[in-house]
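Protein chains: 2
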Amino acid sequence: MLVPVDPRKPLSLTDADARPPRFTPKGDELHERLDRAVSELGDLQEVIYADRRFAILVILQGRDASGKDGTIKHVFNACNPQGCRVKSFKAPTAEELSHDYLWRVHHAIPERGMIGIFNRSHYEDVIVTRVKGLVPRKIWEARYEQINAFERHLTENSVVILKFFLHVSRDEQAEQLRERLTDPTKNWKFRAGDLEDRKLWKDYTVAYRDALRKCSTRWAPWYVVPADHNPTRNLLVTETINARLRKLKLHYPRAAQEVLDLVHTIR
Amino acid sequence: MLVPVDPRKPLSLTDADARPPRFTPKGDELHERLDRAVSELGDLQEVIYADRRFAILVILQGRDASGKDGTIKHVFNACNPQGCRVKSFKAPTAEELSHDYLWRVHHAIPERGMIGIFNRSHYEDVIVTRVKGLVPRKIWEARYEQINAFERHLTENSVVILKFFLHVSRDEQAEQLRERLTDPTKNWKFRAGDLEDRKLWKDYTVAYRDALRKCSTRWAPWYVVPADHNPTRNLLVTETINARLRKLKLHYPRAAQEVLDLVHTIR
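Top line first, the protein sequences correspond to chains A and B.
Remember, the numbering used here sits 429 above the position in the first sequence when you count from 1.
Remember, the numbering used here sits 429 above the position in the second sequence when you count from 1.
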């Protein structure tokens, strides 16, 4: 299982860190464990929905082609779409830009009983915004603490937050981007801007490293997921979510005796 | 496969109509066909998402405990949650009530590329509203045509609409409601109001029949789904959706040649 990013320690994000760690299973064992984990998450999701005490927020960040879409598809495969909502954050609209950067994010927070999945998030406001110089340094530098305060507020109000950075190597990204151009069923995923971002690889690494360290908190930890190998990536994300959810002591709410007695009145 | 409700013909909604029709498969054959259909819908959903030309709207209506939740869970099981959004319509809030009844519905219409699933819908505004006498007859009577015009507008603007009425028998509903009280993991689904609604069975039948006949249109047909047997219900819904989606001639968008050539610049 993954351990949270420790803000007091340096954070390595080299190509080697993108490969499956030694402790993860391989081959059939990997796939069996993945199937079990995905199916357990499906069971947990049902209880979360019935229990209605917690909202679960899973944030996925990562470079282009790091596998955010694939992670969503596979990890939440056994979840009922009724209890699961994905929000993809794109470049902000004119209306969104005329608000503070957390406005649209707050609006998209899942309600209690739901699992919300953010495909990108407010972290773009300290990553792409910083790398591209869209706002002055003073502005983005203040955001780490604002984000920590915002997430703290959420976790104090029944939102359980898990944040995953899907870490791919430079070679794996090249491989994936090439596939988008050579596989006709993947052309639609290609964005010329991805190649521009690729040229800024090191700047992004610095921005990600700062965001992960400054915003990995007790209440909303960041996990770095070695993401070069898809099934391993899916297993690590799923097992980390499951371990957190198990701690919530979820249960199906029981009806009161006078309600249960109504069973005799049904004709 | 199901045929649309014909507005010019009388519509039978007896208990017998809730049983699996003769033409549907049974046993292993049923389950194999269901697996295939669900998996085909998953494939179709991927192309819809990539293609981005159509929004798909699936409306589910039915009495309490008719299996709306179970249908969502099973039919859309192979769909990526990222391309699939479920909206459950509850009793309107104070804000929603201060708007026209289609306001909240319009807002929830899926965008192109998405499958939207409505668990209940604006049809409640001609069903429960009518049965409970929440507005005068003149008001709800005018709504059938308003709904037809609204749905026509949507279908003329890239929204593909399929409407399913999950038809259960009176015995099957009793069975399901009893289970909610005897199975501790289902208590949370029980609502005492369901028993009140059950007493109004015939009034609801009249209201459903009118809604289905008056609003089954060329552009947005209603289907009555025999819903006493879950796998049969799921098969009929899935195959009907698939047949409609196949007609859309969906395809993965191809990139232009100058974009495809960028593959040689990736290092």
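All residues carry an ideal CB built from backbone N, CA and C; glycine is no exception.
- Residue 498 of chain A reaches chain B at 511, counting residues in chain order whose Cβ is nearer than 7 Å.
- At a cut-off of 8 Å between beta carbons, residue 489 of chain B makes no contact with chain A.
- Its Cα nearest to that of residue 676 of chain B, the residue B:476 stands out among B:571, B:476, B:652.
- Among the CB atoms of chain A, one or more fall inside 8 Å of the CB of residue 617 of chain B.
- DSSP places residue 481 of chain B outside both helix and strand once states are collapsed to three, so it counts as coil.
- Any Cβ of chain B closer than 8 Å to the Cβ of residue 634 of chain A would place that residue at the interface, and such an atom is absent.
- Looking only at A:480, A:467, A:527, the smallest Cα-Cα distance to residue 541 of chain A is reached by A:480.
- Nearest in C-alpha terms to residue 548 of chain B, of all of B:578, B:492, B:524, B:588, is B:492.
- A Cβ-Cβ separation of about 7 Å places residue 534 of chain B in contact with residue 550 of chain B under the 8 Å criterion.
- Spatial neighbours of residue 435 of chain A in its own chain (CB-CB distance under 6 Å, excluding positions within 5 residues in sequence) are not present.
- According to the DSSP secondary-structure assignment, residue 545 of chain A is paired through a beta bridge with A:486, A:514.
- One finds 510 in chain A with Cβ atoms closer than 7 Å to the Cβ of residue 508 of chain B, taken in chain order.
- Taking a C-beta distance under 8 Å as the contact criterion, residue 463 of chain B and residue 507 of chain B do not qualify as a contact pair.
- Runs of the alpha helix (DSSP H) spanning 4 or more residues and lying entirely within the stretch 545-620 of chain A occur at 557-560, 566-584, 599-611, in chain order.
- Counting of Cβ neighbours within 10 angstroms places residue 645 of chain B among the buried residues, the total reaching 16 or more.
- Interface with chain B (8 Å Cβ-Cβ cutoff): residue 473 of chain A is excluded.
- A distance of 8 Å or more separates the beta carbons of residue 593 of chain B and residue 531 of chain B.
- If you look at residue 633 of chain B, you'll find it in the alpha helix (DSSP H) that goes 630-643.
- Burial of residue 606 of chain A is indicated by the presence of at least 16 other C-beta atoms within 10 angstroms of its C-beta.
- From the listed residues A:674, A:629, A:666, A:619, the smallest Cα separation to residue 689 of chain B is found for A:619.
- Residue A:624 holds the alpha-carbon nearest to the alpha-carbon of residue 691 of chain B among A:568, A:624, A:631.
- The beta-carbon of residue 611 of chain B is placed less than 8 Å from the nearest beta-carbon of chain A.
- For residue 434 of chain B, no beta strand (DSSP E) run applies, since DSSP gives it neither H nor E.
- If you check the CB distance, residue 663 of chain B and residue 558 of chain B do not come in under 8 Å.
- Taking a Cβ-Cβ threshold of 8 Å, none of the residues of chain B is close to residue 466 of chain A; the smallest such distance is about 17 Å.
- Listed in chain order, the non-local C-beta contacts of residue 673 of chain B below 7 Å within the same chain comprise 589, 591, local neighbours out to five positions each way being set aside.
- By the Cβ neighbour-count rule, residue 613 of chain A is exposed, with fewer than 16 other Cβ atoms within 10 Å of its own.
- Using a Cβ-Cβ cut-off of 7 Å, residue 515 of chain B is close to 510, 511 of chain A, given in chain order.
- Residue 566 of chain A is classed as exposed because its beta carbon has fewer than 16 other beta carbons within 10 Å across all chains shown.
- Counting C-beta atoms within 10 angstroms of its own C-beta, residue 650 of chain A has 16 or more neighbours from the protein chains shown and is therefore classed as buried.
- Annotated three-state conformation of residue 650 of chain A is coil, per DSSP.
- Taking C-beta separations shorter than 6 Å and ignoring five residues to either side along the sequence, the partners of residue 488 of chain B in its chain run 547, 550, 592, following chain order.
- Membership of residue 536 of chain B in the alpha helix (DSSP H) is indicated by the continuous run 532-536.
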